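Residue numbers (full-length UniProt numbering): 1 to 497.
Every residue gets a Cβ at the ideal spot worked out from N, C-alpha and C, and that includes glycine.
Quantities reported herein were computed from a predicted structural model and do not represent experimental measurements.
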């Protein structure tokens with residue numbers, strides 16, 4: 001009976017990592033056992049993303065040895081489904097961890113003092129062959145609902161990643177020009193400050209903890225979650241950590257969970273409202289919150305420092321009022337905003353500072369008490385050209401041709417006579433029915449009227465109307481000043497023959 005052929009055993013992912021490790025260290029090992037002894041500690045400290053290229057290579061070889069159902073890319077369908085299940089379990093664990101931490105803080109009555117850490121990273125490029133990102137800038141903002149964002153609680157560094165991999169210079173230049181505009185490393189530039197940035201980041205996070213040996217979770221936009229986690233894991237691997245130190249969580253999910261807890265109700269059943277608030281980016285062009293480099297550029301919206309501060313402002317704007325915390329300009333919201341506080345612990349409305357005006361501080365805000373939501377209107381004369389004010393009550397009348405009158409009452413409908421007009425036009429600024437808003441064609445859209453600018457009142461004082469059998473006849477002065485008379489709103493004037 002002929003001997004059985006030895007069944008070929010497929011190599012595992014660690015085997016291919018040993019080959020890679022041996023090549024990168026100059027083949028100084030005499031045997032694979034020496035390679036395994038040296039590569040073993042490194043392999044144990046690698047994250048799943050770092051192991052993935054070697055696992056894929058092992059999987060492809062395994063698939064070639066047995067009949068399996070493969071995708072068009074040559075991957076095992078069953079293996080991909082297993083990885084998908086693991087990913088879903090990881091996401092669920094993250095959500096449970098976020099919910100548990102927030103619930104414990106709420107039950108302890110310290111939710112307003114809980115510190116949240118938001119992280120953002122800009123990159124130059126991603127090298128597929130090395131499975132490595134080359135970062136350009138990193139920022140972390142530490143804030144609480146009670147104190148908002150303080151300057152000493154913001155970490156920001158410009159990163160020099162060292163030489164870029166061969167063939168990625170053009171990609172790095174393109175990403176830089178389209179986003180953050182940080183200059184990528186030039187050819188032959190070997191300077192790197194990654195070790196310094198990593199050390200500073202760990203020190204910053206450790207100073208914000210109260211006795212805990214574990215670093216807090218770092219929240220980032222869900223679209224960047226895997227990238228940021230991969231970068232931090234790579235740093236831990238490169239700088240000798242025995243295991244990854246950082247957990248990067250979904251910012252939108254935390255935002256949704258926090259809103260429901262502070263509102264004491266399920267006001268946001270899904271992540272959609274939180275995603276909408278983040279994507280709206282109401283503070284995109286806020287001055288004074290970006291780094292020194294981007295402060296001199298025209299792409300402040302891409303600054304990592306500005307982004308993390310804006311995320312914190314958005315969360316404070318939506319959650320503080322439910323706890324009765326007054327929004328302080330400069331910490332909870334930009335110091336140029338005007339946000340009248342009308343707090344309610346049971347409020348289920350997704351408040352947003354973008355609903356309020358961010359105009360200059362010399363405006364005089366007035367609150368319409370009759371409105372269900374807080375709305376700002378302005379009565380500054382100097383801002384009529386810049387602020388479009390409309391009214392909710394109709395105070396004007398129409399003549400027989402449907403022409404809107406300038407705040408004058410029409411005669412009774414039972415008479416067929418033409419409407420009678422007063423000759424004293426200066427009275428327009430003395431009553432709510434004779435407002436400047438009415439003259440501008442915006443009457444009927446604001447309960448609050450405003451005094452007309454003096455220049456307009458002078459023109460009105462100089463006007464006079466003469467009655468005739470066919471209605472009214474404009475005076476000569478009126479005809480001469482037609483070009484200076486204010487428009488009656490878009491599409492609401494008529495030409496005088």
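*Whole angstroms is fine: what's the gap from residue 347's alpha carbon to residue 255's?*
Here residue 347 scores only 36 on pLDDT, less than 50, and its place in the model should not be relied on; the value that follows carries that caveat. Roughly 16 Å between the two C-alpha positions.
_Neighbourhood of residue 221 by C-beta, 6 Å cutoff - its chain only, sequence neighbours within 5 removed_ = Taken in chain order, the residues that qualify are 251.
*What are the start and end residues of each continuous alpha helix (DSSP H) run of 4 or more residues lying completely inside the UniProt DNA-binding region "HMG box" (7-66), in chain order?*
For the alpha helix (DSSP H) assignment, the uninterrupted runs of no fewer than 4 residues enclosed by the UniProt DNA-binding region "HMG box" (7-66) are, from N- to C-terminal side, 13-24, 32-44, 48-65.
*Using a threshold of 7 Å, state whether the C-beta atoms of residue 237 and residue 45 are closer than that.*
Cβ distance < 7 Å, so residue 237 and residue 45 count as in contact.
*By DSSP, does residue 132 sit in helix, in strand, or in coil?*
Residue 132: strand per DSSP, three-state reduction.
*Would you kindly report the start and end of the unbroken beta strand (DSSP E) that includes residue 156?*
If you look at residue 156, you'll find it in the beta strand (DSSP E) that goes 148-158.
_DSSP-derived helix/strand/coil call for residue 106_ = If DSSP states are grouped into helix, strand and coil, residue 106 belongs with the helices.
*residue 207, DSSP secondary structure in three states*: Helix, per DSSP.
*residue 318 (DSSP reduced to helix, strand or coil)*: Looking at residue 318 - three-state DSSP - the assignment turns out to be helix.
*By how many angstroms is the C-alpha of residue 245 removed from the C-alpha of residue 205?*
For the pair residue 205 and residue 245, the Cα-to-Cα distance works out to about 11 Å.
*My understanding is that residue 125 touches residue 175, with C-beta atoms under 8 Å, so please give their C-beta distance in whole angstroms.*
The beta-carbon distance between residue 125 and residue 175, rounded to whole angstroms, is 6 Å. This is short enough to meet the 8 Å contact definition.
*Is the beta carbon of residue 117 sitting closer than 7 Å to the one on residue 140?*
Cβ distance < 7 Å, so residue 117 and residue 140 count as in contact.
*With 16 as the cutoff for other CB atoms within 10 Å, does residue 18 come out buried or exposed?*
By the Cβ-count criterion, residue 18 is buried, with 16 or more other Cβ atoms from all chains shown falling within 10 Å of its own Cβ.
*Compare the beta carbon distance of residue 137 and residue 304 with 7 Å and say whether it is the shorter of the two.*
Yes.
*Give the DSSP bridge partners of residue 125, in chain order.*
For residue 125, which the question treats as bridged, DSSP gives the partners 134.
_Does the contact criterion of 3 or more C-beta pairs under 8 Å hold for the region 309-317 versus the region 161-177?_
Not touching, per the Cβ criterion.
*Near residue 228, which residues of its chain fall below 7 Å by C-beta distance, leaving aside the five closest residues on each side in sequence?*
Cβ within range, chain order: 119, 121, 220, 248.
*Grab me the residues of residue 192's own chain with a C-beta within less than 7 Å of its C-beta, minus the 5 sequence neighbours each way, in chain order.*
If you ignore the 5 residues before and after residue 192, its C-beta comes within less than 7 Å of the C-beta of 160, 161, 162, all in its own chain and listed in chain order.
*asked:* Taking the beta carbon of residue 239 as the centre, do at least 16 other beta carbons fall within 10 Å, making it buried, or is it exposed?
replied: Exposed: under 16 other Cβ atoms inside 10 Å.
*Could you name the residues that DSSP lists as bridge partners for residue 144?*
Paired residues: 148.
*Is residue 317 buried or exposed, if buried means 16 or more other CB atoms sit within 10 Å of its CB?*
Residue 317 is buried by the Cβ-count criterion.
*Burial state of residue 77, where buried means 16 or more other Cβ atoms lie within 10 Å*: Residue 77 comes out exposed.
*Top-ranked residue by Cα proximity to residue 253, from 102, 9, 243*: Measuring from the Cα of residue 253, the nearest candidate turns out to be 102.
*Can you tell me the Cα-Cα spacing of residue 36 and residue 20, whole angstroms?*
If you take the alpha carbons of residue 36 and residue 20, they lie about 11 Å apart.
*Can you grab the Cα-Cα spacing for the pair residue 217 / residue 34, in whole Å?*
If you draw a straight line from the Cα of residue 217 to the Cα of residue 34, it comes to about 38 Å.
*Assign residue 502 to one of two classes, buried (16 or more other C-beta atoms within 10 Å of its C-beta) or exposed (fewer than that).*
Any question about residue 502 goes unanswered here, given that the chain covers just 1 to 497.
_C-beta contact flag for residue 41 and residue 131 at 7 Å_ = Not closer than 7 Å, so no.
_Going by DSSP, what residue range makes up the alpha helix (DSSP H) through residue 260?_
Start and end: 251-263.
*Along the beta strand (DSSP E) that carries residue 220, what are the first and last residues, could you check?*
Under the DSSP assignment, residue 220 falls in the beta strand (DSSP E) whose first and last residues are 218-220.
*Any idea what DSSP makes of residue 281, helix, strand or coil?*
The DSSP-derived three-state label of residue 281 is coil.
*DSSP-derived helix/strand/coil call for residue 117*: In the structure shown, residue 117 falls within a strand segment according to DSSP collapsed to helix, strand and coil.
*Is residue 333 helix, strand or coil by DSSP?*
Residue 333 falls in the strand class under three-state DSSP.
_Suppose you measure from the CA of residue 111 to the CA of residue 224; what does that come to, to the nearest Å?_
The alpha-carbon atoms of residue 111 and residue 224 are separated by roughly 26 Å.
*Express the C-alpha separation of residue 290 and residue 373 in angstroms, rounding to a whole number.*
At residue 373, the pLDDT of 39 sits below 50, so the modelled position is not reliable and the matter cannot be decided from this model.
*Where residue 97 falls, given that 16 or more other Cβ within 10 Å makes a residue buried*: The residue in question, residue 97, is exposed, as its Cβ has fewer than 16 Cβ neighbours within 10 Å.
*If residue 328 and residue 148 are in contact, beta carbons under 8 Å, what's the gap, nearest whole angstrom?*
The Cβ separation is near 6 Å, so the contact holds.
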